[in-house]
Amino acid sequence: MPILNRKQRVSDEIPTASMADIAFLLLVFFLTTTVFNEEKGLPIVLPEEKEEQEVSPKNILFLIIQPDGSVVVRRGESEQEQIVGYRQVEGILRQELAANENLIAAIKTDPTAPYRHMINVLDEVKKAGAERISLQMVGE
Amino acid sequence: MAVKAGGFKRRSGTSSDIPSSSMADIAFLLLIFFMVTTVFRREKKRDIDWVSAEATRKIDEKRKNILHLWIDTDSQVWINDQAIADQDIAQIIRPLYAENREIVIAIRGDRDVPYSKINTITKQLQAAGAVRVTFATRMEQRMTRPRR
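So the protein lines, in turn, are chains A and B. If you read the first sequence in the working numbering, its first letter stands for residue 1, the second for the next number, and so on. If you read the second sequence in the working numbering, its first letter stands for residue 1001, the second for the next number, and so on.
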């Protein structure tokens, strides 16, 4: 009997004071492991394979990216070429789009040109608000 | 009707302690928030020099619909932490696309990768039918942009 009595002294309540500690511990764990969605970029939809369209040359504006990053602008119907820095592409494209809203911006990149030059030009094209973009490679 | 000095006294009836009993509730609330928003990293980050663009925008797509395709400084392609040969990309992507038609391929390429590489990859993606592509970029601030 005395043995049983001794047990009565232990509290039968769950200790609520440490609850906050447990919660904060878990909280810190999740705080440190959380990675928020940081998906950012320039979205583009590629054409389906073997889905080639015949486009009137007057609706195409070629932006030919050279290995050094300069851009050759060529209107589809004329042979006349203009060499510009990529910063000027937005302005040129805005003008062209105002004149012809069906214009397709054909970004034609040299195979040896670094990726960043192509992104710089794609950035300008996106900023100009062009909806119809075609990605090509020189020599294909 | 001037307020008597006792006007302040009345307040002292309130306890000045921070209620510690609600602490657990606050902590659990935050805990649940972070538990719900946490997504554990699935793949290793590759060490690449990002390209930046001013037109960068957030991709509103569920995480499970986004597949990262890394192209590192050595022009090696990585998908889900596996090195992939160029001609095998379509084979790898095709079953993933069949499983999930909503898939968006986020191309995370190093800034100095030659364009021929990107062209090969986009051709492979077209062959696999995955035509929704994002060129992952960092937001560009013109002022801090280094001269090329």
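Note that CB positions come from ideal geometry on N, CA and C, so glycine has one too.
Query, Result
"Between the beta-carbon of residue 1112 of chain B and the beta-carbon of residue 114 of chain A, is there less than 8 Å?", "yes"
"Of the choices B:1053, B:1125, B:1141 and B:1120, whose alpha-carbon is the least far from that of residue 1067 of chain B?", "B:1125"
"Short check: CB of residue 1063 of chain B to CB of residue 1103 of chain B, under 8 Å?", "no"
"Would residue 124 of chain A and residue 90 of chain A be called neighbours here (beta carbons separated by less than 8 Å)?", "yes"
"Identify the continuous alpha helix (DSSP H) that holds residue 95 of chain A and give its terminal residues.", "89-99"
"Span of the alpha helix (DSSP H) holding residue 126 of chain A?", "115-127"
"Is the CB of residue 1087 of chain B under 8 Å away from at least one CB in chain A?", "no"
"Which residue comes first and which comes last in the beta strand (DSSP E) that contains residue 30 of chain A?", "Taken as a continuous stretch (DSSP letters only), residue 30 of chain A belongs to no beta strand (DSSP E), being part of the alpha helix (DSSP H) at 19-33."
"Skipping 5 residues on each side, what residues in its chain have a beta carbon closer than 6 Å to that of residue 1053 of chain B?", "1137 and 1140"
"For chain A, is any of its Cβ atoms less than 8 Å away from the one on residue 1095 of chain B?", "no"
"Closer than 7 Å between beta carbons: that is the criterion. Which residues of the stretch 87-117 of chain A meet it against chain B?", "109, 110, 111, 112, 113, 114, 115 and 116"
"Rounded to a whole number of angstroms, what is the C-alpha to C-alpha distance between residue 66 of chain A and residue 110 of chain A?", "6 Å"
"Check distances from the C-beta atoms of the stretch 41-55 of chain A to those of chain B and list, in chain order, the residues that come in under 8 Å.", "41, 42, 43, 44, 45, 46, 47, 48 and 49"
"Helix, strand or coil for residue 1085 of chain B, going by three-state DSSP, please let me know.", "coil"
"Can you tell me whether residue 1017 of chain B is buried or exposed, with buried defined as 16 or more other CB within 10 angstroms of its CB?", "exposed"
"Nearest CA to the CA of residue 35 of chain A: which residue from B:1033, B:1035 and B:1039?", "B:1039"
"So if DSSP puts residue 81 of chain A in a beta bridge, which residue, or which two residues, is it bridged to?", "A:74"
"Consider the Cβ of residue 61 of chain A: report whether some Cβ of chain B lies at a distance smaller than 8 Å.", "no"
"For residue 1116 of chain B, report the span of its alpha helix (DSSP H) as first-last.", "1115-1128"
"What residues from chain B crowd round residue 119 of chain A, counting only those whose CB sits closer than 9 Å?", "1051, 1052, 1053, 1109, 1111, 1135 and 1137"
"Suppose contacts are defined by Cβ-Cβ distances below 8 Å. Is residue 1079 of chain B in contact with residue 1110 of chain B by that definition?", "no"
"Less than 8 Å between CB atoms is the rule here; does residue 1027 of chain B satisfy it with respect to chain A?", "yes"
"Could you check if residue 120 of chain A is buried or exposed, using at least 16 other CB atoms within 10 Å of its CB as the buried criterion?", "buried"
"Under the DSSP definition of a beta bridge, which residues are partnered with residue 1135 of chain B?", "A:42 and B:1107"
"Could you pull out every residue in the same chain whose Cβ sits closer than 8 Å to the Cβ of residue 1065 of chain B, ignoring the five residues on either side in sequence?", "1100, 1102, 1103 and 1104"
"Rounded to whole angstroms, what is the Cα-Cα separation between residue 50 of chain A and residue 1120 of chain B?", "15 Å"
"Pull out every residue of the stretch 1116-1136 of chain B whose Cβ sits closer than 7 Å to any Cβ of chain A, in chain order.", "1116, 1118, 1119, 1122, 1125, 1126, 1127, 1131, 1132, 1133, 1134, 1135 and 1136"
"Counting only Cβ pairs nearer than 8 Å, list the residues of chain A close to residue 1114 of chain B.", "111, 112, 113, 114 and 115"
"How is residue 1058 of chain B classed by DSSP in three states: helix, strand or coil?", "strand"
"Check the C-beta distance from residue 1093 of chain B over to residue 1128 of chain B and give it rounded, since I have them as a contact under 8 Å.", "4 Å"
"Can you list, in chain order, the residues of its chain with a C-beta nearer than 6 Å to that of residue 70 of chain A? Leave out the 5 residues immediately preceding and following it.", "83"
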